[in-house]
Amino acid sequence: MPVWQTEQGPAWRHRTTTAQWLHWLGWLLAAMAFVFCWQIMTVDTKWFFVKDAPSQAADLFSRAWPPKWSYVNTLWRALWDTINIATLGTLIGVILAVPVAFLAARNTTPSHLVLRPFALFVIVASRSINSLIWALLLVAILGPGILAGIIAIALRSIGFVGKLLYEAIEEIDESQVEAVQATGASRAQVIDYGIVPQVLPAFAGICVFRWDINIRESTILGLVGAGGIGLQLQSSLNTLAWSQVTVIFALILATVIFSEWVSSRVRKNII
Amino acid sequence: MSEVQAVSRRWRRPPVLIRNDFWRRAIYSGALLYLLLAIGTLEVDWQRAYEGLERGARFLQGFLTPDFTSRFDQIQRGMVESVTMTVCSTMVGILISVPIGLGAARNISPLPVYLVCRAIISVSRAFQEIIIAILFVAMFGFGAFAGFVTLSFATIGFLAKLLADDIEEIDPRQAEAVRGTGAGWWQVVNYGVQPQVMPRLIGLSLYRFDINFRESAVIGIVGAGGIGATLNTAMDRYDYSTASAILILIIIFVMLAEYSSGYIRKWIQ
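Residue numbers (the working numbering), protein chains in the order written: chain F, 774 to 1044; chain G, 4 to 272.
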């Protein structure tokens, strides 16, 4: 901590002069980066539309209100589909993620040179691509519908569940594994009795957490044609039926809050 | 007699997850019932899916031969838009979320301010980026500006909440000590709170930068600019080679952002 000797005695300062200058330099660089990016970003912006935004917002709101509540009766089937996409997608994703996680964990992988990098690549690739983009690809391949949505959710979940699970596997208590090994257990038995009981609570927590996220994501997959309530959202948007859009938003919000509540309850009980 | 003993001496593995017999059975059978119902009501056009496999093979072919050159202009434009959008929205998001985060921490702000700030946070967190993007595209028109506003708005909910939770968990003695010297509110925040939360705030900001880039690749699908719009166009044209080039670029950029932000976070903490 910099202290100056002055005539009145020692004086304390927050930073040295150099540190202070570096600090300002950092801010200057950040401001420059911002202005630079801003210039490039807004090259194509039509400022007329931006200035117009408040009146557009008011217009939008006047059309969206009051919501057309009777529309909700046509949405139950889509909501059921949405929940199925999320749940079945999570299930498939988890089933695929478990072997990937065991291959990726440093202490359980059978081969450090080939299978571990491969499993890590699977995890990274799955994680970097949003489920909406997965759905976009799958709708092009499988055609619009609920199947594309399920597989998109599953593919996105592999990376998430795989990453968290393999980190959990790497953090287990090795002495328990050794104890099981000392009884002469085979490799499969070591995993079953030494590792699985240790990671199971974490695993259940991860699955429920991902299910919660998947419910959120499956509500919008329909925007690209992958089934669920997003399909209704897309068609309402296309016909500019904003009073229906309000109803759909309200239903999505209720579903998301419900799934968050379920997942937080379950996780609290497990951990 | 001896047989009974043999049975009772055998170790039986206890159920691993749910110890209570009744709840275990209830939950498992409920799950099974749901699964049967869900699969039973599934409407899948297997014929169409089967026909799609051929297209899938074509896509795989396109994926293995990514084409960066023939649509290089569009890809470059989309990428530049995505990156600039990410930078601007992360910075603006941080600038707005710091005061909101301070206001949403119960230990340093009065109740009315706290309630208002928490309300802003929950509104921003309730909907995901793509839904916010739909609304902002309707307001601001198509293009990167709507995407920028969307990502900034989403950043506020994320950063301000985590910052506020962090401030609520600081060591109160340090803030107390600063207050004991006769410091005002600003000085308490500056010298008692800020040093405790700064490393984590920087880490969270970098993490959010990551997320914003990922999201910028998605919100283009609803017209908010960026690489997502380019990808959507490529898919609509069945131009799989370009689409795969874009996907590879997204993966590379996401990995770069993730590793560099992870590296900087480790270096700071």
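Heads up, the beta-carbon is just placed ideally off N, CA and C, and yes, glycines get one too.
With a cutoff of 9 angstroms on beta-carbon distance, I924(F) and L911(F) are scored as near each other. DSSP places T992(F) in no beta strand (DSSP E); its state is neither H nor E. Straight-line measurement puts the Cα of K936(F) at about 9 angstroms from the Cα of A878(F).
Around the beta carbon of L798(F), fewer than 16 other beta carbons lie within 10 angstroms, which makes this residue exposed.
By the CB criterion at 9 angstroms, P198(G) and Q177(G) fall inside the cutoff. Taking a 10 Å sphere around the C-beta of T860(F), we find 16 or more other C-beta atoms and assign the residue as buried.
Contact between A874(F) and I942(F) holds: their C-beta atoms lie close to 6 angstroms from each other, under 8 angstroms. Taking a cut-off of 8 angstroms on C-beta distances, the segment 63–74 of chain G touches the segment 242–256 of chain G, as three or more cross pairs fall below it.
Against chain F, a Cβ distance below 7 angstroms from L20(G) picks out L973, A977.
The distance from the Cβ of L45(G) to that of S100(G) is about 42 angstroms, inconsistent with a contact at the 8 angstroms cut-off.
In summary, no residue of the segment 169–185 of chain G has a CB separated from any CB of chain F by less than 8 angstroms. Listed along chain G are I254, each with a C-beta nearer than 7 angstroms to that of A898(F). Note: A784(F) is bridge-paired with W777(F) in the DSSP secondary-structure output. Separation of L795(F) and P775(F) (C-alpha to C-alpha, rounded to the nearest whole angstrom) is 15 angstroms. Under a criterion of Cβ atoms nearer than 7 angstroms, the residues of chain G adjacent to G918(F) are, in order, V47, D48. Residues of chain F whose Cβ lies closer than 7 angstroms to the Cβ of F143(G) are, in chain order, F822, V823, A826. Counting along the chain, G922(F) sits inside the alpha helix (DSSP H) bounded by residues 919–943. The three-state secondary structure of Y241(G), taken from DSSP, is coil. The contact set of R51(G) on chain F, defined by CB atoms closer than 8 angstroms, consists of L915, G916, G918 in chain order. Among the residues of the segment 53–87 of chain G, those with a Cβ less than 7 angstroms away from any Cβ of chain F are G55, R58, G59, F62, V83, E84, T87, in the order of the chain.
Within the model, the alpha-carbon separation for S263(G) versus I133(G) is close to 26 angstroms. About 6 angstroms separates the Cβ atoms of L162(G) and G96(G), confirming a contact at the 8 angstroms cut-off. Under a criterion of Cβ atoms nearer than 9 angstroms, no residue of chain G is adjacent to L928(F); the nearest Cβ is some 13 angstroms distant. Counting only runs of 4 or more residues that sit fully inside the segment 145–232 of chain G, the alpha helix (DSSP H) segments are 147–171, 175–183, 197–219, in chain order.
If you compare the alpha carbons of R1038(F), V963(F), D985(F), S899(F) with that of L869(F), the shortest gap goes to S899(F). Buried is the label assigned to R211(G), since at least 16 other Cβ atoms lie within 10 Å of its Cβ.
For I1025(F), the enclosing alpha helix (DSSP H) starts and ends at 1015–1043.
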